[in-house]
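K.L.:
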Amino acid sequence: MECATGRGSALGVETGDANRQSMALGHEELAEVITAWPLISADLRQAILVIVRSADVIAEASCAATE
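2 is the number of the first residue of the sequence shown in the working numbering; add one for each residue after it.
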C-alpha cells in the first residue's frame with residue numbers, strides 16, 4: 002500500500018481492509034460538494050471538517066505504522 006500525503010489525503014487512501022469503502026471523490030462528486038458547500042449550515046460544515054481531519058490523522062498513523 003502506498004500512503005498519500007497532504008491535506009485531505011485520507012480521502013484517497015486505500016486501506017486494504019475489505020470492509021472499508023474508499024472515500025475518494027471523482028471529479029463530478031467533488032464539483033457537487035464544492036457547489037453545495039456554501040449552502041450547508043456552518044455547524045454541519047464544521048462537523049464535516051472534523052471528520053475529514055480525523056480521517057487524515059488515522060491515515061497518517063496507519064502509514065507511519067506500516068513504514
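Think of the CB as a built atom: it goes at the ideal place given N, C-alpha and C, for glycine as much as any other residue.
At what residues does the alpha helix (DSSP H) containing L50 begin and finish?
P.N.:
Segment A43 to T67, the alpha helix (DSSP H) holding L50.
K.L.:
With DSSP collapsed to three states, give me the class of L26.
P.N.:
Residue state, collapsed to three classes: coil.
K.L.:
Can you give the Cα-Cα distance for I41 and S55, rounded to whole angstroms?
P.N.:
Computed Cα separation, rounded: 20 Å.
K.L.:
Rounded to whole angstroms, what is the Cα-Cα separation between Q47 and T67?
P.N.:
When rounded, the distance between both Cα atoms is 31 Å.
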